[in-house]
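Written out below as structure tokens is the structure these notes cover.
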Amino acid sequence: MKVHLLAFGAHPDDVELSCGGTILKMVKFGYKAGIIDLTEAELSTRGTVERRRMETGKSSKILDLSIRENLQISDGQIENNHINRLKVVNCIRKYQPEIILAPYYEDRHPDHVHTSNLISESNFYSGLSKIETGTNPYRAKNIIYYYQHLVDNPSFVVDITDEFEKKMEAVKAFESQFYNPESDEPETFISQKQFFDSLKTRGQYFGYQIGVEYGEPFFVKSIIKITNLYEIFS
Numbered sequence: 031m032k033v034h035l036l037a038f039g040a041h042p043d044d045v046e047l048s049c050g051g052t053i054l055k056m057v058k059f060g061y062k063a064g065i066i067d068l069t070e071a072e073l074s075t076r077g078t079v080e081r082r083r084m085e086t087g088k089s090s091k092i093l094d095l096s097i098r099e100n101l102q103i104s105d106g107q108i109e110n111n112h113i114n115r116l117k118v119v120n121c122i123r124k125y126q127p128e129i130i131l132a133p134y135y136e137d138r139h140p141d142h143v144h145t146s147n148l149i150s151e152s153n154f155y156s157g158l159s160k161i162e163t164g165t166n167p168y169r170a171k172n173i174i175y176y177y178q179h180l181v182d183n184p185s186f187v188v189d190i191t192d193e194f195e196k197k198m199e200a201v202k203a204f205e206s207q208f209y210n211p212e213s214d215e216p217e218t219f220i221s222q223k224q225f226f227d228s229l230k231t232r233g234q235y236f237g238y239q240i241g242v243e244y245g246e247p248f249f250v251k252s253i254i255k256i257t258n259l260y261e262i263f264s
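Position 116, counted from 1, in the sequence shown is what my numbering calls 146; the numbers after and before it change by one each time, with no gaps.
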């Protein structure tokens with residue numbers, strides 16, 4: 031199955047937290063979207079792999095994804111090596127997205143940084159005919175980077191005002207990872223009581239930058255091509 035947009039994340043919930051609203055918006059516009067999780071987040075402080083799988087399935091339904099896969103790379107061992115590149119290349123060739131969403135290449139979490147580099151290089155190699163995987167060569171036209179913990183000079187912001195509440199539903203599907211006053215598991219950065227307020231404030235901040243209620247920021251390395259100035263800036 032071909033998808034228009036394919037988002038890669040180091041762990042289940044990474045994509046939902048960072049660009050779930052944009053995915054919802056694209057699906058609403060009639061585009062097919064998918065998510066590839068690199069690991070099952072087996073090193074996570076809270077929850078279990080089995081529970082995370084169920085939560086992932088619930089979130090995927092909320093986002094109305096066309097596909098979702100897990101590459102089962104070991105958590106904490108996301109290396110940019112030949113084996114992992116072939117796994118990513120297979121996905122890119124299989125689903126042939128025009129747009130890839132990947133983590134921004136600077137972040138507090140090493141897995142996010144390694145994922146960014148792995149996806150960027152794999153997309154290049156995916157277009158080389160002499161790399162044989164049993165599928166035809168294919169390279170996505172664009173890689174767009176979503177921000178996680180660190181945000182540095184976004185190239186653009188997507189208006190997700192109409193999608194924000196549903197994005198939060200998709201995020202909250204991963205309930206094992208977030209605040210629960212009855213939980214006896216150790217506290218993490220995202221399980222703090224104020225985390226959802228922080229996520230909302232972040233959305234409002236970037237929405238404010240473009241004159242709307244909620245927004246999600248993105249970065250592109252290349253210069254953005256514009257053919258009709260009026261359509262963009264009117």
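A virtual CB, placed ideally from N, CA and C, is assigned to each residue, including glycine.
Helix, strand or coil at residue i according to DSSP, with G and I counted as helix
i    : result
I113 : helix
I262 : helix
F236 : helix
R98  : strand
F248 : strand
L93  : helix
L229 : helix
L148 : helix
I129 : strand
N210 : coil
E70  : coil
E162 : coil
Terminal residues of the alpha helix (DSSP H) in which residue i lies
i    : result
V201 : 194-202
R138 : It is not in any alpha helix (DSSP H) - R138 carries neither H nor E in the DSSP assignment.
F219 : From DSSP, F219 is part of no alpha helix (DSSP H); its letter is neither H nor E.
V181 : Unbroken run through V181: none, as it is neither H nor E.
E46  : 44-58
Continuous beta strand (DSSP E) stretch holding residue i: start and end
i    : result
D67  : 63-67
F38  : 35-39
F186 : 186-189
G241 : Premise fails: G241 is in no beta strand (DSSP E) and is neither H nor E.
I173 : 172-176
C-alpha distance - residue i paired with residue j, whole-angstrom precision
i    : j    : result
G164 : G39  : 24 Å
S156 : D192 : 35 Å
I174 : V33  : 15 Å
H142 : F263 : 33 Å
T86  : L47  : 13 Å
T78  : F204 : 11 Å
N210 : V45  : 22 Å
F236 : V119 : 33 Å
R76  : A200 : 18 Å
K230 : K160 : 46 Å
H41  : K91  : 17 Å
S228 : E162 : 45 Å
F154 : R98  : 22 Å
F219 : F208 : 9 Å
R123 : V250 : 22 Å
F59  : D214 : 42 Å
Y260 : E70  : 45 Å
R81  : S96  : 22 Å
A63  : D43  : 16 Å
Check whether residue i and residue j have beta carbons under 8 Å apart
i    : j    : result
P247 : Y135 : no
N166 : N110 : no
V187 : I253 : no
P127 : L36  : yes
I66  : C121 : yes
Q150 : A132 : Contrary to the premise, residue 150 reads as Ser rather than Gln in this sequence. Yes, the Cβ-Cβ distance between S150 and A132 is below 8 Å.
Y125 : M31  : yes
G51  : Y238 : no
H179 : R232 : no
Minimum C-alpha distance to residue i - residue among the options
i    : options               : result
G106 : R83, E80, L68         : L68
E72  : I108, V57, Y61        : I108
K88  : M56, D214, G233, M198 : M198
K55  : K117, K196, M31       : K196
L101 : L93, K91, I113        : I113
R83  : F225, Q234, S206      : S206
S74  : E217, K255, K117      : E217
I190 : V242, E212, H144      : V242
T145 : I103, N183, T257      : I103
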